[in-house]
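Per our numbering, the sequence shown runs over residues 2 to 274.
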Amino acid sequence: MADTVRRLLASCRLPRLETQMLLQHVLQVPRSWLIAHDTDVLEPGTVQRFQALADSRLAGQPMAYLLGEREFMGHAFSVAPGVLIPRPETELLVETAVQHINQSGLAAPRVLDLGTGSGAVAISIALACPQAQVFATDISPQALAVADGNAGKLGARVEFSCGNWYDAIVGQPAFDIIVSNPPYISADDAHLGQGDLRFEPIGALTDGANGLHALETIVAGAPARLASGGVLWMEHGWDQASAVRKMLQDTGFCRVSSLQDLAGIERITGGFL
Ligand SMILES: C[S@@+](CC[C@H](N)C(=O)[O-])C[C@H]1O[C@@H](n2cnc3c(N)ncnc32)[C@H](O)[C@@H]1O
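Take a look at the structure:
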């Protein structure tokens, strides 16, 4: 029996929304098309391409990698297996940075995003604050290639450089704001072996230690790279806020505070020099 849209959607073992999204992706059509054409017979090549994606999804591959895209701050970011899939909770880091930049009154604030991955944070800031000079770094050339592609596609002005945290910006003048969503999962956390995390780059998820190592490195290096009155904001794990506040206070930061995400979890912590 020939495969129709309706029959394919009904026979797939994935949740209906995911099945629809994969078929939309293969056919490059909106959801309304699937509804209006549910008795259309599909080409064998279309069915094969859909089946390959459905099998990968059933094996656990994240939807974002299969679709090649994830929305963040209203922008469609390309993603690929070498790069972390941007998370909705990271939008708090962007919103906080944008608010700070706009309140600073600086004509051309210098912004640094450490560990940019797909470029989600840096590019979203650059698009929201065209007056800012935005720099972004990563240790992964693969991630930087994706980030650079996203900046081009979305029309954002961001300067990218590769290196181990601050090594990537040697010789740069001081920054007014530093933001980072570093790897903060402890190396022995069982979640690393579950769900989407199994397929994401391990170096984007864990610091290979107790989850605080990258955060400590970023805090320790910030005073030498921030302008007077500059600010540092970092995303961290649900149980790390008090440790990060202490790191900032011990390093000489003032007005140290944490902000909660929509789930009521202390998600980002920052302070002023
Ligand atoms: C949690 S991901 C965040 C990606 C992106 N900023 C986001 O929020 O979607 C952490 C990023 O830090 C990068 N990273 C890990 N270790 C690093 C290091 N030593 N120096 C610079 N970047 C590093 C990883 O490659 C990864 O892209």
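All C-beta atoms in this analysis are idealised placements derived from N, C-alpha and C, irrespective of residue type, glycine included.
Just so we're clear, the structure is a prediction, and the values are computed from it rather than from any experiment.
| Query | Result |
| --- | --- |
| Taking 8 Å as the cut-off, does the stretch 166-180 touch the stretch 189-196 (at least 3 CB pairs, one atom from each stretch)? | no |
| So which of LEU54, GLY46, ALA37, GLN29 has the shortest CA-CA distance to ARG14? | LEU54 |
| Quick check: the Cα distance between LEU10 and ARG58, rounded to an integer number of angstroms? | 15 Å |
| So, at 7 Å on beta carbons, what are the nonlocal neighbours of ILE178 in its own chain, with the 5 sequence-adjacent residues on each side left out? | ALA98, HIS101, ILE102, PRO110, VAL112, GLY231, VAL232 |
| Could you check whether PHE78 and ARG71 sit closer than 7 Å to each other, using their CB atoms as the reference points? | yes |
| Measuring CA to CA, which of GLY61, ILE219, GLN261, GLY265 is closest to LEU249? | ILE219 |
| CA-CA distance, ALA37 and GLN21? | 13 Å |
| What are the start and end residues of the alpha helix (DSSP H) that includes TRP34? | 32-37 |
| Around the C-beta of CYS255, are 16 or more other C-beta atoms found within 10 angstroms, so that it is buried, or is it exposed? | exposed |
| Within a Cβ cutoff of 6 Å, which residues of the same chain sit near ALA228, ignoring the five residues on either side of it in sequence? | ALA175, ASP177 |
| Can you give me the Cβ contacts of TRP234 inside the same chain, cut-off strictly under 7 Å, excluding the 5 residues immediately before and after it? | LEU94, THR97, ALA98, VAL180, ILE269, GLY271 |
| Would you identify the three-state DSSP class for GLU201, choosing helix, strand or coil? | coil |
| Which whole-angstrom value is the C-beta distance of LEU42 and THR5, which I expect to be below 8 Å? | Reading off the sequence shown, one finds Val at residue 42, where the question assumed Leu. Indeed, because the Cβ distance is near 6 Å, the residues count as touching under 8 Å. |
| Going straight from the alpha carbon of PHE200 to that of LEU206, what length do you get? | 11 Å |
| CB-CB under 8 Å to VAL27, same chain, minus the five flanking residues each way: which ones, in chain order? | THR47, ARG50, PHE51, LEU54 |
| Candidates ALA123, GLY209, GLY222: which alpha carbon is nearest GLY153's? | ALA123 |
| On the three-state DSSP scale, how would you describe LEU213? | coil |
| Report the residue ranges of all beta strand (DSSP E) runs contained in full by the stretch 145-170; include only those spanning at least 3 residues, in chain order. | 159-163 |
| Could you have a look at LEU227 and say whether DSSP puts it in helix, strand or coil? | strand |
| Roughly how many angstroms lie between the CA atoms of GLN104 and LEU128, to the nearest whole one? | 17 Å |
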